[in-house]
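Chemist: Handing you a structure now.
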DNA sequence: CGCATAAGTTTCTCCTGTAAACATGGAGGA
DNA sequence: TCCTCCATGTTTACAGGAGAAACTTATGCG
């Protein structure tokens, strides 16, 4: 009972600890210098320990991306409670949530859409990405049913809004939305333009 | 006069050769395993030679990104000759050119918008990016003058269309525009939705 | 108990970026 | 013409990362 929590040799749940450390790094480090050894170091284990839980670096990255999609989905769902005034308002809230998520986790967001995390290989990652995308699809379908959105193919609306939100997020975390280019409040401005194309009349 | 062209020791224009090799690699390699030593190897020089022309890896990357912006601008300009039927058609052509450029140079396009190529540090890179962005701005302003686009703040149109095109390009090169998600022809579909928001009436 | 095994550690090889020291050959002045 | 300087190469060296292999520990199960 000497050092109950210092170093029990067997960490208990190293896998989780490594993931947490890595997520911290991805939220903090803008510079994408993601090193497996650095993760191990910050977690307080030897540099080979992670290999007992992840076949290689890529596998850890994919798991991180998967968690990223899950969390992004949670953020978006939380941001648009069903009692909101309009579907359009829900859309705006979800879009802002997505972009906010990207800005608060730039490294993670980049990872989620990088080729490092190849979704064609990992079915779990693919499913997570699809589930998050499904939130958007559901919102659009609801909006079409209640007449908020134009009755064009829902896949067209999905492609447009997904690209718009993703594009804004990527540009934002790359610090490319400079005022000299796109004015002082580019995100709501851009979303408004898009919504004008998606909504009826007005 | 033994080996006139094999190895003149002094390469002549190694800087250019390195850049060309690197551009090839960025067009070919999807996997973003961009190694300075590999560039040197493929160019046929020692791994330290590049350091005579670029202070470090980042400096080469920034130069590549700069060239990328120049070429992207050229592609877009070529794609929209001034005698096109409508400004809307010009916009579509420029957008397709941008996305096509990304698909043909995925590594380069990623690099251009990665944090590795920090535009806040390199004024030349910043200028090149601004110039390319200026093509879009010019098109939008022309479209507003001739009544094709709504007379809202041009920065709003710029933010929306830039985000849309960039988003589509990023999703395309990440192989995320799967038919199960966004239908068979997501790019024109998405651009149409956006244009409906940017154009008058109809 | 005693041992099989999961979970850590050390050690090793190969690769990368980068610095320093050395080599070469072409251009400009004596 | 020749010598010397210097830009542009090469070799060598070192630190740090990915990952494999061999070794160690402690833990759960008979």
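Residue numbers (the working numbering), protein chains in the order written: chain A, 1 to 202; chain B, 203 to 404. Even glycine gets a Cβ: it sits at the ideal position worked out from N, Cα and C.
What do you reckon, are the CB atoms on residue 395 of chain B and residue 330 of chain B nearer than 7 Å?
Modeler: Translated into positions along the second chain, residue 395 of chain B becomes position 193. Translated into positions along the second chain, residue 330 of chain B becomes position 128. Going by C-beta atoms, residue 395 of chain B is not nearer than 7 Å to residue 330 of chain B.
Chemist: I want to verify the contact list: residues of chain B whose CB lies under 7 Å from the CB of residue 128 of chain A, in sequence order.
Modeler: Walking along the first chain from the start, residue 128 of chain A turns up at place 128. By Cβ distance, chain B contributes nothing, its closest Cβ being about 13 Å from residue 128 of chain A, past 7 Å.
Chemist: Less than 7 Å between the C-beta atoms of residue 103 of chain A and residue 172 of chain A, yes or no?
Modeler: Counting from one through the first chain, the residue named residue 103 of chain A turns up at place 103. Counting from one through the first chain, the residue named residue 172 of chain A turns up at place 172. Yes.
Chemist: For residue 54 of chain A, which residues in the same chain have their Cβ closer than 6 Å to its Cβ, ignoring the five residues on either side in sequence?
Modeler: On the first chain, position 54 is the one that residue 54 of chain A refers to. These residues qualify, in order along the chain: 60.
Chemist: Quick one: grab the DSSP three-state call for residue 351 of chain B.
Modeler: Here residue 351 of chain B refers to the residue found at position 149 of the second chain. Strand at residue 351 of chain B.
Chemist: Report yes if the C-beta distance between residue 159 of chain A and residue 391 of chain B is below 7 Å; otherwise report no.
Modeler: Mapped onto the first chain, residue 159 of chain A falls at position 159. Mapped onto the second chain, residue 391 of chain B falls at position 189. In contact: residue 159 of chain A and residue 391 of chain B (Cβ atoms closer than 7 Å).
Chemist: Using a C-beta cutoff of 7 Å, does residue 174 of chain A count as contacting chain B?
Modeler: Position 174 of the first chain, counted from the start, is the residue given in the question as residue 174 of chain A. Cβ-Cβ to chain B under 7 Å: yes for residue 174 of chain A.
Chemist: Would residue 164 of chain A count as contacting chain B if we go by Cβ distances under 7 Å?
Modeler: Taking the first residue of the first chain as position 1, residue 164 of chain A is located at position 164. With 7 Å as the cut-off, residue 164 of chain A counts as an interface residue toward chain B.
Chemist: Going by beta-carbon coordinates alone, are residue 224 of chain B and residue 266 of chain B separated by less than 7 Å?
Modeler: Locating residue 224 of chain B in the second chain gives position 22, where the first residue counts as 1. Locating residue 266 of chain B in the second chain gives position 64, where the first residue counts as 1. Yes, they are a contact pair.
Chemist: Quick one: measure Cβ to Cβ for residue 277 of chain B and residue 303 of chain B, integer angstroms, because I've assumed they're closer than 8 Å.
Modeler: For the purposes of this step, residue 277 of chain B is identified with residue 75 of the second chain, where counting begins at 1. For the purposes of this step, residue 303 of chain B is identified with residue 101 of the second chain, where counting begins at 1. Residue 277 of chain B to residue 303 of chain B, Cβ: 5 Å. Contact.
Chemist: Just mark residue 401 of chain B as buried or exposed, buried being the case when its beta carbon has 16 or more other beta carbons within 10 Å.
Modeler: Taking the second chain and counting its residues from 1, one reaches residue 401 of chain B at position 199. Under this definition residue 401 of chain B is a buried residue.
Chemist: Let me make sure I understand the geometry here. Which of A/36, A/66, A/111 has the alpha-carbon closest to that of residue 122 of chain A?
Modeler: Locating residue 122 of chain A in the first chain gives position 122, counting from the first residue. Comparing Cα-Cα distances from residue 122 of chain A to each of A/36, A/66, A/111, the minimum goes to A/66.
Chemist: Closest by CA to residue 242 of chain A, which one among B/228, B/219, B/317, B/259?
Modeler: For residue 242 of chain A there is no data in the structure shown, the boundaries of chain A being 1 and 202.
Chemist: When you compare the CB of residue 294 of chain B with every CB in chain A, is at least one pair closer than 7 Å?
Modeler: Taking the first residue of the second chain as position 1, residue 294 of chain B is located at position 92. Cβ-Cβ to chain A under 7 Å: no for residue 294 of chain B.
Chemist: When we look at the beta-carbon of residue 212 of chain B and count the other beta-carbons within 10 Å, is it buried (16 or more) or exposed?
Modeler: Stepping through the second chain from its first residue, residue 212 of chain B is reached at position 10. Exposed, by the Cβ-count rule.
Chemist: Nearest CA to the CA of residue 358 of chain B: which residue from A/179, A/161, A/137, A/139?
Modeler: The residue given as residue 358 of chain B occupies position 156 in the second chain. Cα-wise, what sits closest to residue 358 of chain B is A/179.
Chemist: Buried or exposed: residue 110 of chain A, going by 16 or more other Cβ atoms within 10 Å of its Cβ?
Modeler: Against the first chain, residue 110 of chain A aligns to sequence position 110. Buried, since its Cβ has 16 or more Cβ neighbours within 10 Å.
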